[in-house]
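*Asks:*
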Amino acid sequence: MPEGAREAARRGLAWRREYGRGGTEVGVARARDLSAGRVSRETVGRMVSYFARHEVDRQASGWSPGEDGYPSAGRIAWDLWGGDAGRRWAESVIDAPPADAE
Numbered sequence: 006m007p008e009g010a011r012e013a014a015r016r017g018l019a020w021r022r023e024y025g026r027g028g029t030e031v032g033v034a035r036a037r038d039l040s041a042g043r044v045s046r047e048t049v050g051r052m053v054s055y056f057a058r059h060e061v062d063r064q065a066s067g068w069s070p071g072e073d074g075y076p077s078a079g080r081i082a083w084d085l086w087g088g089d090a091g092r093r094w095a096e097s098v099i100d101a102p103p104a105d106a107e
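In this note's numbering, the protein residues as written are 6 to 107.
Given below as structure tokens:
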């Protein structure tokens, strides 16, 4: 797992504490797992699904620094799931054959 995904998860947790918004309890649990560097292949599949469903959040105000409302609830949630680095990593894991495949 890339350090960037772990950093995004830690940032998401910090933002959630600071701003009191963004993510669900599932997202918080995911961030804790990512921060600790422990996720199963099944969880990686959930990450891919999350990012696909929430791609639209990137278009909302508050996504990028300098925009009103930054960080938006959607941006905080995205980082709880590992952010852009987590998305790239999760997609690469799912696209790769399982380690036990012949």
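Virtual Cβ for every residue (Gly too), placed ideally from N, Cα, C.
Note that this is a predicted model, so its numbers are computed, not measured.
Once the 5 residues before and after Val33 are set aside, which same chain residues still bring their CB inside 8 Å of it?
*Replies:* Your numbering for residue 33 matches position 28 in the sequence shown. So the qualifying residues of the chain are Leu18, Arg21 and Leu85.
*Asks:* Just how far apart, CA to CA, sit Asp89 and Ala10?
*Replies:* Position 84 of the sequence shown holds residue 89. Position 5 of the sequence shown holds residue 10. Their backbone Cα atoms lie some 7 Å apart in a straight line.
*Asks:* Roughly how many angstroms separate the alpha carbons of Ala95 and Ile81, rounded to a whole number?
*Replies:* For the purposes of this step, residue 95 is identified with residue 90 of the sequence shown, where counting begins at 1. For the purposes of this step, residue 81 is identified with residue 76 of the sequence shown, where counting begins at 1. Taking the straight line from one Cα to the other gives about 18 Å.
*Asks:* Could you give the distance in angstroms between the alpha-carbon of Glu107 and the alpha-carbon of Gly71?
*Replies:* Start at 1 with the first residue of the sequence shown, and residue 107 comes out as number 102. Start at 1 with the first residue of the sequence shown, and residue 71 comes out as number 66. Unreliable placement is indicated for Glu107, whose pLDDT of 46 sits below 50; the coordinate value is still reported in the next sentence. Each residue's Cα considered, the two are about 49 Å apart.
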